[in-house]
Structures are given as C-alpha cells and as structure tokens.
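Read through the structure below, which is laid out as structure tokens, and then see the notes.
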Amino acid sequence: MFETFDIGSISIPSVYMAIILSFIVTYLMLWESEDKKRLFNEWTNAIILLFLVYKLTYIPFNWSEFINNPMGVLYFDGGAEGLLLALTVTFFYLFYRSRGLFYVEAYCIFSVALLAFYGVLELRTLPQWPYIAMAIITLSALVLIYFMWRRFRAILAITATVFIMQLLGRFFIYSGPEVLGVSIIQWWIIISLVYVLLSVNKGNDDE
Numbered sequence: 001m002f003e004t005f006d007i008g009s010i011s012i013p014s015v016y017m018a019i020i021l022s023f024i025v026t027y028l029m030l031w032e033s034e035d036k037k038r039l040f041n042e043w044t045n046a047i048i049l050l051f052l053v054y055k056l057t058y059i060p061f062n063w064s065e066f067i068n069n070p071m072g073v074l075y076f077d078g079g080a081e082g083l084l085l086a087l088t089v090t091f092f093y094l095f096y097r098s099r100g101l102f103y104v105e106a107y108c109i110f111s112v113a114l115l116a117f118y119g120v121l122e123l124r125t126l127p128q129w130p131y132i133a134m135a136i137i138t139l140s141a142l143v144l145i146y147f148m149w150r151r152f153r154a155i156l157a158i159t160a161t162v163f164i165m166q167l168l169g170r171f172f173i174y175s176g177p178e179v180l181g182v183s184i185i186q187w188w189i190i191i192s193l194v195y196v197l198l199s200v201n202k203g204n205d206d207e
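Counting from 1, one number per residue, gives the positions in the sequence shown under the UniProt record's numbering.
Spelled out as structure tokens, the structure:
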C-alpha cells in the first residue's frame, strides 16, 4: 500500500520506518516523565488493536473471497477502506483510555514526528519541491516542539498548524491510497485532529 524502504535484502514499508522513528523520538522526549510507561503500554495495545481490526476487515470487504478461502484472512487485509475503519476504532480506544493533557501532548509529539519522518522518506521516490517544502516545514516544527517542551498551548498550536498544512497540501500531491477521494494519510490527519481536540476537552475536565 505504501512505498518500501530497503535495508539489505529486507523491504520495510516507509510508514513503518516512520512510526518506529517517531516512537523513539517521542520516548526520548518523554524520558523524564513518570507516566511514559503507562502511555506506551496504551499505545502498544492500540497498535495491536489496529493490526487485528485491519486484518479482520478482510472479511466484510472481501466476503465472497473469504467464504471460498477462509484462511485468506491470514494473508490479506481490508485494503484502504479496512485501514480507515481500523484507524477509527483505534482512535476511539485511545480517546477512551486518554488520561489528562499529558496524553495529548505526547500524541502531538508523535504525530508531528511521524509526518516529518514520513515526509523525509517520501523524498526517496518523490523528490519534487512540494514534498521537499512540506518535509522541511514539518521537521522544523518538530525541532520547535523540542524547544517548546512542557509548553502545552504552544505544542498544541504547532501541531494543529502542521495538521492543517499537511491536510490541505496533500490535496495537490500524490499521497497514496484513497477512500472517497481522500488519501489514508489525510484521513489519519483528520481523525488525529478530532482526537486531539476532544482529548483536550476531556483532559481539562479530568484536571
């Protein structure tokens, strides 16, 4: 579904590489936080949930193939539509488990890092100026967040700006598989923006 990044004889989807790098950066930035272990346990559960739902969406979206070959669910998935459904379910879980503004701040760091690293990896196959510009701006935003650490309002504003820039910018460039004319990356940005805004309200109520 996404372009791959080759390490020797192993091909890894670029988005997986971006996710791994983003986890590392987020973990390092939260190093001194006492809540980071609980947070990353929740995120690990969310990734497992995302994977399981994504795989199981093969059944409703490919019912006839599943009836003829039930074992196909082990090798195939629900495609772009299935991934969108899995993302939606996962964000419901994250919102339900969200505890305070710390969770929102951590997700903001992770999101900007993910968009930055994925943007850089995109340049391997799409070295055109729009991709270069978005990658540079998003990387700059990630550096700015590092220096704004523990200033929640500033981090939230930077993240929202990056989300909106990436969302609108990707209407004019190729961004991978689409559902209803919107790329999966854009759907993730939309859902992330909704999650962040709702979680801020929830976090304010909790605190």
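The C-beta atom is built at its ideal place from N, Cα and C for all residues, glycine as well.
Keep in mind that this is a model prediction, so the values were computed, not measured.
Beta-carbon gap between residue i and residue j smaller than 8 Å
i: Y58; j: L126; result: no
i: A141; j: V162; result: yes
i: R170; j: I185; result: yes
i: S98; j: S192; result: no
i: residue 208; j: I137; result: There is no way to answer for residue 208, as the model of the chain reaches only from 1 to 207.
i: W187; j: L87; result: yes
i: A46; j: L94; result: yes
i: L85; j: V53; result: yes
i: M29; j: Y146; result: yes
Residue i in three-state terms, based on DSSP
i: S140; result: helix
i: S11; result: strand
i: S98; result: coil
i: S33; result: coil
i: S183; result: strand
i: T57; result: coil
i: M1; result: In this prediction, M1 has a pLDDT of 48, which is less than 50 and means its spatial position is unreliable; what the coordinates show is noted afterwards. If DSSP states are grouped into helix, strand and coil, M1 belongs with coil.
i: I47; result: helix
Between the CA atoms of residue j and residue i - distance to the nearest angstrom
i: Y27; j: K36; result: 7 Å
i: V200; j: V194; result: 10 Å
i: T4; j: M17; result: 9 Å
i: E42; j: A113; result: 19 Å
i: R38; j: F23; result: 14 Å
i: M1; j: V25; result: Residue placement at M1 is poorly supported in this model, since its pLDDT is 48, which falls under 50; the coordinates are not used for a value here.
i: M71; j: G79; result: 17 Å
i: Y131; j: L139; result: 12 Å
i: F61; j: N69; result: 14 Å
i: Y96; j: L56; result: 22 Å
i: V196; j: V89; result: 15 Å
Nearest neighbour of residue i, chosen from the options [CA to CA]
i: G82; options: V162, V179, S33, G8; result: V179
i: G181; options: L56, L167, I20; result: L167
i: C108; options: R150, Y54, F61; result: R150
i: A116; options: F40, P177, T159, I47; result: T159
Notebook entry, point to check: Within the chosen definition, does the segment 97-108 reach the segment 154-164 through at least 3 CB pairs nearer than 8 Å?
Noted result: yes
Next item on the list: Could you tell me whether the segment 66-77 touches the segment 8-24, where touching means 3 or more Cβ pairs closer than 8 Å?
Entry: no
Margin query: Taking 8 Å as the cut-off, does the segment 30-46 touch the segment 92-102 (at least 3 CB pairs, one atom from each stretch)?
Written below: yes
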